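Chemist: Dumping the structure here so I can ask a few things about it.
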Amino acid sequence: MEDLNITLTFNPDHFREMYYHDGKGSILKYKPTQNAILYCLLTALITFGIYLAAFKRPDISWLIVLGAVVFLFTIVYAIAVITQYLKWKSSVEDFLKDIAQYKSHQLKLTSAAFELIQDSTITIEKWENIKSVQINDTCIMPLKSDGPAFILPAKSMNPEEFIKLKNFIVDKMMVAVQE
810 MEDLNITLTF
820 NPDHFREMYY
830 HDGKGSILKY
840 KPTQNAILYC
850 LLTALITFGI
860 YLAAFKRPDI
870 SWLIVLGAVV
880 FLFTIVYAIA
890 VITQYLKWKS
900 SVEDFLKDIA
910 QYKSHQLKLT
920 SAAFELIQDS
930 TITIEKWENI
940 KSVQINDTCI
950 MPLKSDGPAF
960 ILPAKSMNPE
970 EFIKLKNFIV
980 DKMMVAVQE
């Protein structure tokens, strides 16, 4: 199998498109945080409605306490979901800052390893450490047992190079499966 060398043009916006698709870039558009906030508002409205109804029917005033407890739980849940989202978004932004500091990016694939050369920093991943590969129209993501080894946006190379890279990786993974 012949080696493959590709010069990559990493643009942080290419990664943002991948990470922040489906509204993941906004706390109000991201489905899990959106649902948590909606649950809070819904329980607050129901509890307030029970509070108003308790003026006419004092025998249901105990439901106010129940509503307040449920509301408290939904607030704690929303805070947990929002905190998790903010940590994730912060880690993505840190990753993008790290990528932006490099001027040149070179990808080198050999029969033995996967190399990413960024300025003078070389990251080498042996093929045997790659457990699977996720390939779609927007990116190629070789996966190790603990997560992605690399994330290679399709926009970081020209379409012909993306097809060559995809074919090289598929061929390499098929050889590994047959061994």
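Under my numbering, residue 988 is the last one in the sequence shown; the count climbs by one each step, no gaps. Note that CB positions come from ideal geometry on N, CA and C, so glycine has one too. Nothing here was measured: the structure is a model prediction, and the numbers come from that model.
1. Rounding to the nearest angstrom, what Cα-Cα distance links residue 867 and residue 852 in this structure?
2. According to DSSP, is residue 943 part of a helix, a strand, or is it coil?
3. Could you please give the first and the last residue of the uninterrupted beta strand (DSSP E) stretch that includes residue 914?
4. In whole angstroms, what is the alpha-carbon distance linking residue 909 and residue 859?
5. Distance check for residue 849 and residue 884, CA to CA, integer angstroms please.
6. Please report the straight-line C-alpha distance between residue 976 and residue 949, rounded to a whole angstrom.
7. Less than 7 Å separating the beta-carbons of residue 933 and residue 922?
Modeler: The short version:
1. Taking the first residue of the sequence shown as position 1, residue 867 is located at position 58. Taking the first residue of the sequence shown as position 1, residue 852 is located at position 43. A direct Cα-Cα distance of roughly 20 Å separates residue 867 from residue 852.
2. Residue mapping note: residue 943 aligns to position 134 of the sequence shown, counting from 1. Residue 943: strand per DSSP, three-state reduction.
3. Taking the first residue of the sequence shown as position 1, residue 914 is located at position 105. Counted as a single uninterrupted DSSP element, the beta strand (DSSP E) harbouring residue 914 occupies residues 914-918.
4. Numbered from 1 along the sequence shown, position 100 holds the residue referred to as residue 909. Numbered from 1 along the sequence shown, position 50 holds the residue referred to as residue 859. Residue 909 and residue 859: Cα-Cα distance of roughly 53 Å.
5. For the purposes of this step, residue 884 is taken as residue 75 along the sequence shown, with counting starting at 1. For the purposes of this step, residue 849 is taken as residue 40 along the sequence shown, with counting starting at 1. Roughly 6 Å between the two C-alpha positions.
6. The residue given as residue 976 occupies position 167 in the sequence shown. The residue given as residue 949 occupies position 140 in the sequence shown. When rounded, the separation of the alpha-carbon atoms in residue 976 and residue 949 is 11 Å.
7. Start at 1 with the first residue of the sequence shown, and residue 933 comes out as number 124. Start at 1 with the first residue of the sequence shown, and residue 922 comes out as number 113. Against a cut-off of 7 Å, the Cβ pair of residue 922 and residue 933 comes out as a contact.
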